[in-house]
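Only one structure is covered here, and it is reproduced in the block below.
Numbering (our numbering), first residue to last: 287 to 387.
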């Protein structure tokens, strides 16, 4: 019979890296930079934005807050786990998995 490897019980309900990334990096650290970037871009109603290597989508979400339904925003990332967090946080954005370069 095959040996079964299992995680200890304390590790079963721990957050994933993408969830930790969103909580500890994207919101407090990257959000201010995303806002500065979006200020420079000067988005206007009807604009489209492509957030490449979006991670959990902090730039795309900031753009959505500025444009609402008047813009079209797509976030692309290679990691399905990062995109899962992005989809949970902002389901109205067009999130796509793909290689960026």
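Quick reminder that beta carbons are idealized off the backbone N, C-alpha and C, glycines included.
*By Cβ distance, which residues of its chain are closer than 6 Å to residue 336, with the 5 residues on each side in sequence left out?*
360
*With a CB to CB cut of under 8 Å and the five nearest residues on each side skipped, what residues in its chain are close to residue 307?*
341, 342, 368 and 371
*Is it right to say residue 347 is buried, meaning 16 or more other beta carbons lie within 10 angstroms of its own, or is it exposed?*
buried
_According to DSSP, residues forming a beta bridge with residue 363_ = 383
*Let me know if residue 304 comes out buried or exposed under the rule of 16 or more other beta-carbons within 10 Å of its beta-carbon.*
buried
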